[in-house]
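Here the structure comes first, spelled out in structure tokens, and everything after it is commentary.
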Amino acid sequence: MRRLYALCSDPTDALVALTSVFYRTPEANSRASSPCTEFEQFQIVPAVETPYLARAGKNEFLNLVPDIEEIRPGSVVSKKGYLHFKEPFASNWAKHFVVVRRPYVFMYNSDKDPVERGIINLSTAQVEYSEDQQAMVKAPNTFAVLTKHRGVLLQALNDKDMNDWLYAFNPLLAGTIRSKLARRCPSQPKC
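With positions in the sequence shown counted from 1, the corresponding number in this note's numbering is that position plus 13.
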């Protein structure tokens, strides 16, 4: 601050120049300008970005209210067992023990693992099944679970196990898939 006073003959000009440096966006700081002509020959250091709440006046964030909703998992276990997981850009499948207690899916490293390694909220996730997707990834008995932040491809042991998992994850989707398969080949139990 003293250097700024020394550069400008009028202390008011120095204060205006200092204020303009700190309250401009970094784009605006790319070209120096100030009412103090002696100050213009020096390079201006860009202002440090501060979080929105730190810059906001106290009236601006009075309207921000956290939206918290407690959702307890059901006590009924819809299904539990092992599934293979494949995340995007992963080269191999990872085997995890999975417990479905709607509306959540809890993932563990094994059936003896006491720590939940992952949780998926089924009320906000989308479960997808497609035979085309299975052909594309060249892996049978697969379905996908998509959340807001990531997607995971899951593989069951066999066709019946996959239908059971789909029913645990999304009963409506499982019913739709079964009815489509029944319409496609009504005389055979499995196509």
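Note that CB positions come from ideal geometry on N, CA and C, so glycine has one too.
Query: For the alpha helix (DSSP H) holding ALA148, just list the boundary residues, first then last.; Result: 144-150
Query: So, with DSSP's three-state summary, where would you put PHE110?; Result: strand
Query: Taking the alpha-carbon positions, what's the TYR117 to ASN134 distance?; Result: 5 Å
Query: Based on Cα-Cα distance, which residue from LYS161, ALA169, LEU96 and ASN171 lies nearest to MET120?; Result: LEU96
Query: For LEU159 and GLN139, which I take to be in contact (beta-carbon distance under 8 Å), what is that distance rounded to the nearest angstrom?; Result: 5 Å
Query: Report the three-state DSSP secondary structure of THR122 (helix, strand or coil).; Result: Note on identity: in this sequence residue 122 is Asn, with Thr being the wrong assignment. Correct three-state label for ASN122: coil.
Query: Could you spell out where the alpha helix (DSSP H) holding ASN176 opens and where it closes?; Result: 172-182
Query: On the criterion of 16 or more Cβ atoms from any shown chain inside 10 Å, does ASN183 qualify as buried, or is it exposed?; Result: buried
Query: Restricting to Cα atoms, I'd like to know which of ASN176, MET175, ASP172 and THR155 is closest to LEU166.; Result: THR155
Query: Taking the CB atoms as reference points, tell me whether LEU186 and TYR142 lie closer together than 8 Å.; Result: yes
Query: How big is the Cα-Cα spacing for VAL78 and GLY87?; Result: 28 Å
Query: Pick out whichever of VAL113, PRO127 and LYS99 has its Cα sitting closest to the Cα of GLN168.; Result: LYS99
Query: Determine, using beta carbons only, whether ASP124 and PHE102 come nearer to each other than 8 Å.; Result: no
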